[in-house]
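A.B. asks: Take 1 as the starting number for the sequence shown in the UniProt record's numbering and just add one per residue.
Every residue gets a Cβ at the ideal spot worked out from N, C-alpha and C, and that includes glycine.
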Amino acid sequence: MYDEAYHRLLGYALGYLDRASAEEIVSEAFLVAWRRIDDVPPRELPWLLGVARNLIRERYRADQRLRDLCAELSTKARTDRATVGDIAEDVTTRAAALRALTELSHEDRELLTLLAWHGLTNREVAQVLGCRTATLLVRVHRARHRLRAAMGPPDEVADHENRTHRLPDLAQELS
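#1: Quick check: the Cα distance between D3 and A71, rounded to an integer number of angstroms?
#2: In three-state terms, what does DSSP make of W34?
#3: Can you tell which of W34, D39, L48 has its C-alpha closest to the C-alpha of G11?
#4: Which same chain residues, not among the five before or five after S21, have their C-beta less than 8 Å away from its C-beta?
#5: Do you know how far the Cα of V128 is from the Cα of A5?
#6: Ends of the alpha helix (DSSP H) at R136?
#7: List the endpoints of the continuous alpha helix (DSSP H) containing H106.
#8: For A134, count the other beta carbons within 10 Å of its own beta carbon; 16 or more makes it buried, fewer makes it exposed. Which is it?
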């Protein structure tokens with residue numbers, strides 16, 4: 001089977017890919033044939049070409065996902081130029097919020113984390129907690145109020161260079 005089909009499969013794959021990628025696809029097609037030897041029909045070439053075609057499509061999709069990811073990361077890198085001070089302030093703010101969350105009741109902590117960290121909508125959180133959306137909105141309002149109180153007034157926090165930054169109101173992020 002290999003001797004008869006290799007060059008024809010390679011020719012097919014070269015119509016879509018560079019030589020190295022085409023050789024990989026042909027190798028993968030024969031690997032699939034080996035693993036599924038009982039499924040290979042007597043006229044194996046059309047079956048092998050179908051396998052190669054599917055593998056080429058998978059390669060194109062994977063390459064597209066990689067290009068999309070690279071473009072997204074490139075855009076993010078250009079727009080998200082965080083400084084060390086920004087990062088330190090963010091860490092300080094998150095630490096204060098986490099401390100404040102530990103002071104809240106289990107119910108308040110649960111609904112705020114479902115909204116903020118799990119990204120659920122109000123309707124979804126209401127469904128999880130087994131209440132109406134209107135009831136949840138009241139609970140969220142009260143939980144945010146208690147979170148603000150637990151965090152204390154927006155304090156002045158000194159960073160590593162003894163400059164001061166106003167601690168952002170993290171409860172607003174939990175909206």
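C.D. replies: A quick look at the data gives this:
#1: The residue given as residue 3 occupies position 3 in the sequence shown. The residue given as residue 71 occupies position 71 in the sequence shown. Going by the C-alpha atoms only, they are around 42 Å apart.
#2: Counted from its first residue, the sequence shown places residue 34 at position 34. It is helical.
#3: On the sequence shown, residue 11 is found 11 positions in, with the first residue counted as 1. It is L48 whose Cα lies nearest to the Cα of G11.
#4: Locating residue 21 in the sequence shown gives position 21, counting from the first residue. Closer than 8 Å at Cβ, skipping near neighbours: A13, R59.
#5: One-based indexing of the sequence shown puts residue 5 at position 5. One-based indexing of the sequence shown puts residue 128 at position 128. Going from the Cα of A5 to the Cα of V128 covers about 57 Å.
#6: In the sequence shown, residue 136 corresponds to position 136, counting from 1. The residue asked about is misnamed: residue 136 is Leu in this sequence, not Arg. Note, L136: alpha helix (DSSP H), 133-151.
#7: As a working note, residue 106 is residue 106 in the sequence shown. Counting along the chain, the alpha helix (DSSP H) containing H106 begins and ends at 106-116.
#8: Indexing the sequence shown from 1 puts residue 134 at position 134. Exposed, because fewer than 16 other Cβ atoms sit within 10 Å of the Cβ of A134.
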